[in-house]
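Heads up: the sequence shown begins at 219 in my numbering, then just goes up one per residue. Every residue, glycine too, gets a C-beta built ideally from N, C-alpha and C. As the structure is a computational prediction, the values presented were derived from the model and not from experiment. Right, one structure below, let's go through it.
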Amino acid sequence: MTTTYTITLKNCAFFARHGLHDAEEFLGQRFFVDAELEVKPLRPLSDDAIESTVDYGVAFQEIEKIVTGQRRYLIEALAQEIATVLCARFPQISRARITVRKPNAPVPGVLDHVQVTVDHAV
Numbered sequence: 219m220t221t222t223y224t225i226t227l228k229n230c231a232f233f234a235r236h237g238l239h240d241a242e243e244f245l246g247q248r249f250f251v252d253a254e255l256e257v258k259p260l261r262p263l264s265d266d267a268i269e270s271t272v273d274y275g276v277a278f279q280e281i282e283k284i285v286t287g288q289r290r291y292l293i294e295a296l297a298q299e300i301a302t303v304l305c306a307r308f309p310q311i312s313r314a315r316i317t318v319r320k321p322n323a324p325v326p327g328v329l330d331h332v333q334v335t336v337d338h339a340v
């Protein structure tokens, strides 16, 4: 029998400069990321060893490096890159569901945020 479980990093916040418009790059804003990682441990969980699972401190650092790094025009591309990098970094991840929220999207109306979710299966 194989055990799988989900690690969730919820509402990770970063300041970055993503978006289509020059003003978005100039001003920047906060972006919020949720990462739901479906994990198949490399060893039994009863071994109680970090090597068999996803170190979520390292996962957070990987997300931060991507979000605060190269500017992306689309948050869709940003979410996809996060999913791809996390799955490559941690072979235990069989599925990464990444949500990126952009509270100050340049939309002609009132809203809480724009949100994109990418579901990446290995």
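Tell me, please, which residues DSSP counts as bridged to Asp252. Taking the sequence shown and counting its residues from 1, one reaches residue 252 at position 34. The partner list for Asp252 (beta bridge, DSSP) reads Thr317.
At which residues does the beta strand (DSSP E) containing Lys228 begin and terminate? For the purposes of this step, residue 228 is taken as the residue at position 10 of the sequence shown. Boundaries of the beta strand (DSSP E) harbouring Lys228: Tyr223 to Ala234, taken from the DSSP string.
Can you tell me whether Val276 is helix, strand or coil according to DSSP? Locating residue 276 in the sequence shown gives position 58, counting from the first residue. Here Val276 sits in helix by DSSP.
From Lys283, Phe244, Phe250 and Ala339, pick the residue whose C-alpha is nearest to that of Ala301; which is it? As a working mapping, residue 301 is identified with position 83 in the sequence shown. Measuring from the Cα of Ala301, the nearest candidate turns out to be Ala339.
Close Cβ partners of Thr183 (< 7 Å) along its chain, the five nearest in sequence each way excluded: The displayed coordinates of the chain run from 219 to 340. Any statement about residue 183 would go beyond what the structure contains.
To the nearest angstrom, report how far apart Ser312 and Leu255 are at their CA atoms. For this step, residue 312 is matched to residue 94 along the sequence shown. For this step, residue 255 is matched to residue 37 along the sequence shown. When rounded, the distance between both Cα atoms is 8 Å.
Comparing alpha-carbon positions, which option in Phe244, Asp252 and Val285 lies nearest Thr224? Residue numbering aside, residue 224 sits at position 6 when the sequence shown is read from its first letter. For Thr224, the nearest C-alpha among the options comes from Asp252.
If you drop the 5 nearest sequence neighbours on each side, which residues of the same chain put their C-beta closer than 7 Å to that of Val303? Taking the sequence shown and counting its residues from 1, one reaches residue 303 at position 85. Counting only residues of its own chain and dropping the five nearest sequence neighbours on each side, Val303 has a CB closer than 7 Å to the CB of Glu280 and Ile284.
Hey, how far is the Cα of Leu227 from the Cα of Phe244? By 1-based counting over the sequence shown, the position of residue 227 is 9. By 1-based counting over the sequence shown, the position of residue 244 is 26. If I take the Cα positions, the gap works out to 28 Å.
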